[in-house]
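This report concerns only the one structure given below.
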Amino acid sequence: MQSKIRVVPLLLATLIVDFSCSSLLALAQTSSENKPSQDQSKSDPAATPSSDLKPTASDEGQLATVNNAKIPAYAKVYVAPMPAGFENYLIAGLRNKKVPLTVVVDRAKAEYEISGVSESDKAGWAKMLFMGSQQSNELASIKVSDLRTGAIVFGYSVHKGNSVRGKQSAGEACAKHIKQIVVD
Amino acid sequence: MYNKRRVATILVALVLSVVLAEADDAKHQATSSKIPKGAKVFIAPMPDGFDTYLKDAIKKKKVPVETATSRDQADYEITGTSETQKAGTAKKLIMGNWHSREEASITVSNIKSGEVVWAYSVHQEASTHGKRSSAEACAKHLKDAIEK
Numbered sequence: 001m002q003s004k005i006r007v008v009p010l011l012l013a014t015l016i017v018d019f020s021c022s023s024l025l026a027l028a029q030t031s032s033e034n035k036p037s038q039d040q041s042k043s044d045p046a047a048t049p050s051s052d053l054k055p056t057a058s059d060e061g062q063l064a065t066v067n068n069a070k071i072p073a074y075a076k077v078y079v080a081p082m083p084a085g086f087e088n089y090l091i092a093g094l095r096n097k098k099v100p101l102t103v104v105v106d107r108a109k110a111e112y113e114i115s116g117v118s119e120s121d122k123a124g125w126a127k128m129l130f131m132g133s134q135q136s137n138e139l140a141s142i143k144v145s146d147l148r149t150g151a152i153v154f155g156y157s158v159h160k161g162n163s164v165r166g167k168q169s170a171g172e173a174c175a176k177h178i179k180q181i182v183v184d
Numbered sequence: 185m186y187n188k189r190r191v192a193t194i195l196v197a198l199v200l201s202v203v204l205a206e207a208d209d210a211k212h213q214a215t216s217s218k219i220p221k222g223a224k225v226f227i228a229p230m231p232d233g234f235d236t237y238l239k240d241a242i243k244k245k246k247v248p249v250e251t252a253t254s255r256d257q258a259d260y261e262i263t264g265t266s267e268t269q270k271a272g273t274a275k276k277l278i279m280g281n282w283h284s285r286e287e288a289s290i291t292v293s294n295i296k297s298g299e300v301v302w303a304y305s306v307h308q309e310a311s312t313h314g315k316r317s318s319a320e321a322c323a324k325h326l327k328d329a330i331e332k
């Protein structure tokens, strides 16, 4: 009788453990199915977006050009206002990286427009304590559109987990990649 | 006779290459033109009053420009942004750093043509004098961009 009493809780515990393990496995499977990984999108052609944007390999960001579109050198470009004044960092980056474009302040005089978003996350106490890093986390994404046709000719996004020079680094990264599509 | 023709061809080719190179330089200068000495500059209002720091820095670094009080009287306009993050408790205790983190970026544009002629951004992880340091960095580099 005593042995039967001992067996019942053991069985119950086994059932609970089994149930929790199977539910965890199922959860892990569904999350991996829902999460779009870069490798999957690269290998599966059906997973790529239907637009003309072509992803290109980059060091720290994602780059996309439309049908290998190019911007002529010294084209007039208007940099639209962005959150936290990121447009100023981008213009400074264009100058620093010697991108052969003419930046204008009036949108009506421009041939191309650069617009985008940026975000900064300052290092918290946990990052300082465990990682020993006080550098910020920078995110920025820009797109270049042709004002005459309205087509987006270029897109680039950058993410720096430990940005040594904050927004300046992100702005310069964007400028460096814009330079790739400018032709003399 | 043959030698003379050869020399003439080489000379013509050299002259052509020099002319083309100069034309290319002139084209490039249109995008990165220098600011003339004594130009009237209007400093547009910036976040956290960074324009005030920039005005002081321009005077301190003896930048050869005149600061105009109105945009209508100016030839160039300086616009920009700045951000300050004071050292938090974690930075003070863990990193042993009391100094603030400064970021600033300025753009100089020609009011008449509407073209951006110069831009600069500065980032100081531990700025000793806060905004003053970043404004002086901007002014120092602006001085280099002005024609001597």
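Heads up: the sequence lines are chains A and B, in that order. Count the first sequence with our numbering and you get residues 1 to 184, in order. Count the second sequence with our numbering and you get residues 185 to 332, in order. Glycine included, every Cβ here is placed at the ideal spot set by N, Cα and C. None of these values were measured; they are calculated from a predicted model.
Within chain B, partners of residue i - CB distance below 8 Å
| i | result |
| --- | --- |
| Ala84 of chain A | Thr265 and Glu267 |
| Met128 of chain A | Ala274, Lys275, Ile278 and Met279 |
Rounded distance between the beta-carbons of residue j and residue i, thought under 8 Å
| i | j | result |
| --- | --- | --- |
| Leu101 of chain A | Cys174 of chain A | Leu101 of chain A to Cys174 of chain A, Cβ: 12 Å. No contact. |
| Ile227 of chain B | Ile330 of chain B | Between Ile330 of chain B and Ile227 of chain B the Cβ distance is about 15 Å, and since that is not below 8 Å, they are no contact. |
| Asn281 of chain B | Ala271 of chain B | 6 Å |
| Lys97 of chain A | Lys176 of chain A | 5 Å |
Residue j beta carbon less than 8 Å from that of residue i
| i | j | result |
| --- | --- | --- |
| Thr265 of chain B | Gly85 of chain A | yes |
| Ser254 of chain B | His283 of chain B | no |
| Gly161 of chain A | Glu287 of chain B | no |
| Tyr260 of chain B | Val225 of chain B | yes |
| Ile262 of chain B | Val292 of chain B | yes |
| Ile178 of chain A | Val99 of chain A | yes |
| Val164 of chain A | Ile71 of chain A | no |
| Lys245 of chain B | Ala323 of chain B | yes |
| Ser297 of chain B | Asn88 of chain A | no |
| Val182 of chain A | Ala92 of chain A | no |
| Gln134 of chain A | Glu250 of chain B | no |
| Pro81 of chain A | Ser118 of chain A | no |
| Glu299 of chain B | Val79 of chain A | no |
| Ala223 of chain B | Arg95 of chain A | no |
| Val247 of chain B | Leu326 of chain B | yes |
| Ala252 of chain B | Ile295 of chain B | no |
Interface partners of residue i on chain A, CB under 7 Å
| i | result |
| --- | --- |
| Ile330 of chain B | Within 7 Å Cβ-Cβ: nothing; Ile330 of chain B doesn't reach chain A, min ~15 Å. |
| Ile290 of chain B | Asn88 |
| Ser293 of chain B | Val105 |
| His325 of chain B | Simply none; closest approach about 10 Å. |
| Val225 of chain B | Chain A residues near Val225 of chain B: none, gap ~15 Å exceeds 7 Å. |
Proximal residues of chain B, C-beta to C-beta of residue i below 7 Å
| i | result |
| --- | --- |
| Thr149 of chain A | Those do not exist, as Thr149 of chain A stays about 22 Å from chain B at its closest Cβ, beyond 7 Å. |
| Lys167 of chain A | Glu287 |
| Lys179 of chain A | Going along chain B, no residue has its Cβ under 7 Å from Lys179 of chain A, so there is no contact; the nearest lies around 13 Å. |
| Gly171 of chain A | Ser305 |
| Ala69 of chain A | Simply none; closest approach about 21 Å. |
| Ala175 of chain A | Those do not exist, as Ala175 of chain A stays about 10 Å from chain B at its closest Cβ, beyond 7 Å. |
| Ile91 of chain A | Thr291, Val300 and Ala303 |
Note to self: Under 8 Å: do the segment 124-142 of chain A and the segment 95-112 of chain A share three or more Cβ pairs, one atom per stretch?
What the structure shows: no
Check: Would you call the segment 160-174 of chain A and the segment 135-148 of chain A touching, i.e. three or more CB-CB distances under 8 Å?
Finding: As far as the Cβ criterion goes, the segment 160-174 of chain A touches the segment 135-148 of chain A, which means the pair count is three or higher.
Checklist line | At least 3 beta-carbon pairs within less than 8 Å: the segment 112-119 of chain A vs the segment 313-321 of chain B | finding: no
Margin query: Along the segment 107-123 of chain A, where does the CB come closer than 7 Å to a CB of chain B? Name the residues.
Written below: Lys109 and Lys122
Next item on the list: With 8 Å as the C-beta to C-beta threshold (strictly closer), list the residues of the segment 298-321 of chain B near chain A in chain order.
Entry: Gly298, Glu299, Val300, Trp302, Ala303, Tyr304, Ser305, Val306, His307 and Glu309
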